[in-house]
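Novice:
In structure tokens:
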């Protein structure tokens with residue numbers, strides 16, 4: 003990851019040397035998808051593309067390059083794509099220190115247990131451990147990323163109601179709580195700050211019931 007950061011810093015410094023008008027003229031010749039990727043090259047490129055409105059969101063094409071499937075009983079996800087004579091993207095992710103099932107995906111990025119991966123560039127970033135939500139709760143992690151808005155992504159850890167398990171006895175006071183609660187605290191990791199932070203969410207409407215009911 004340190005090597006990736008150094009390369010990005012070098013590219014950013016080189017981009018500053020070009021006149022902005024010249025760089026903008028080059029960038030506007032790119033296809034929308036390539037232009038969206040170019041926003042992630044450096045802060046300077048991202049600023050030029052956004053300030054000059056070079057990338058309208060409605061120009062981005064939407065197509066499926068492949069699908070990732072999690073099978074019951076298998077420890078790893080499987081990647082399926084159409085046969086192609088051009089360069090292909092590996093779905094094995096065998097360049098990571100450790101692999102696991104794909105938990106979520108968003109606009110080309112994959113969320114694994116402890117990692118966010120770009121399989122097209124083979125770049126990856128390790129996630130720090132998420133703060134504990136308590137023994138009775140576990141979280142469902144979800145990835146949020148839109149390269150047309152920001153080169154940074156977020157991981158949302160949303161608390162999930164404890165499942166009914168006859169072998170697990172919940173605290174009676176906990177069973178009487180509304181679900182979802184009127185004020186729900188989720189943890190959000192930002193690639194911009196590289197930290198988890200708490201973010202409050204206020205429920206709209208009535209609860210679905212108590213935890214005991216669910």
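Numbering (this note's numbering), first residue to last: 3 to 216.
We treat Cβ as the ideally placed atom computed from N, Cα and C, and that holds for glycine.
This structure is a prediction, so every number in the text was calculated from the model and none was measured.
#1: I'd like to check one pair, residue 154 with residue 193: are the Cβ atoms closer than 8 Å?
#2: Exposed or buried, which one is residue 134 when buried takes at least 16 other CB atoms within 10 Å?
#3: Using a Cβ-Cβ cut-off of 6 Å (strictly less than) and excluding sequence neighbours within five positions of residue 130, which residues of its own chain qualify?
#4: Going along the chain, which unbroken runs of the alpha helix (DSSP H) with 4 or more residues stay wholly within the stretch 133 to 203?
#5: Going along the chain, which unbroken runs of the beta strand (DSSP E) with 3 or more residues stay wholly within the stretch 36 to 121?
#6: Count the other CB atoms within 10 Å of the CB of residue 55; is the residue buried (16 or more) or exposed (fewer)?
#7: Evaluate residue 41 with the Cβ neighbour count: other Cβ atoms within 10 Å of its Cβ, from every protein chain shown; 16 or more gives buried, anything less gives exposed.
#8: Determine the contact status of residue 2 and residue 149, defining contact as a CB-CB distance below 8 Å.
#9: Just the C-alpha distance for residue 98 and residue 118, rounded to the nearest angstrom, thanks.
#10: Return the bridge partner residues of residue 22 from the DSSP annotation.
#11: Output yes or no for whether 8 Å exceeds the beta carbon distance between residue 214 and residue 177.
#12: If you draw a straight line from the alpha carbon of residue 216 to that of residue 174, how long is it in whole angstroms?
#13: Rounded to whole angstroms, how far is the Cβ of residue 156 from the Cβ of residue 190, which I believe are closer than 8 Å?
#14: On a CA-only basis, which of 159, 207, 151 is nearest residue 188? Give me that one, please.
#15: Between residue 79 and the rest of its own chain, which residues show a CB-CB distance below 6 Å, the 5 nearest in sequence each way excluded?
Specialist: On the basis of the supplied data:
#1: Indexing the chain shown from 1 puts residue 193 at position 191. Indexing the chain shown from 1 puts residue 154 at position 152. Yes, the Cβ-Cβ distance between residue 193 and residue 154 is below 8 Å.
#2: Start at 1 with the first residue of the chain shown, and residue 134 comes out as number 132. It is exposed - the Cβ of residue 134 has fewer than 16 other Cβ atoms within 10 Å.
#3: By one-based count along the chain shown, residue 130 stands at place 128. There are no such residues.
#4: 174 to 177
#5: 69 to 71, 80 to 82, 106 to 108, 111 to 114, 117 to 120
#6: Residue numbering aside, residue 55 sits at position 53 when the chain shown is read from its first letter. It is exposed - the Cβ of residue 55 has fewer than 16 other Cβ atoms within 10 Å.
#7: Mapped onto the chain shown, residue 41 falls at position 39. Buried, since its Cβ has 16 or more Cβ neighbours within 10 Å.
#8: Because the chain in this structure spans residues 3 to 216, residue 2 falls outside the shown range and cannot be described.
#9: One-based indexing of the chain shown puts residue 98 at position 96. One-based indexing of the chain shown puts residue 118 at position 116. Those two C-alpha atoms are separated by around 10 Å.
#10: The sequence position of residue 22 within the chain shown is 20, counting from 1. Answer by DSSP bridge pairing: none, since residue 22 is not bridged.
#11: Start at 1 with the first residue of the chain shown, and residue 214 comes out as number 212. Start at 1 with the first residue of the chain shown, and residue 177 comes out as number 175. Closer than 8 Å, so yes.
#12: On the chain shown, residue 216 is found 214 positions in, with the first residue counted as 1. On the chain shown, residue 174 is found 172 positions in, with the first residue counted as 1. If I take the Cα positions, the gap works out to 14 Å.
#13: Here residue 156 is taken as the residue at index 154 of the chain shown, counted from 1. Here residue 190 is taken as the residue at index 188 of the chain shown, counted from 1. With 8 Å as the limit, residue 156 and residue 190 qualify as a contact, their Cβ atoms being about 6 Å apart.
#14: Numbered from its first residue, the chain shown carries residue 188 at position 186. When each option's Cα is compared against that of residue 188, the closest is 159.
#15: For the purposes of this step, residue 79 is taken as the residue at position 77 of the chain shown. Excluding residues within five positions, the ones whose Cβ falls inside 6 Å are 70, 72, 103, 104.
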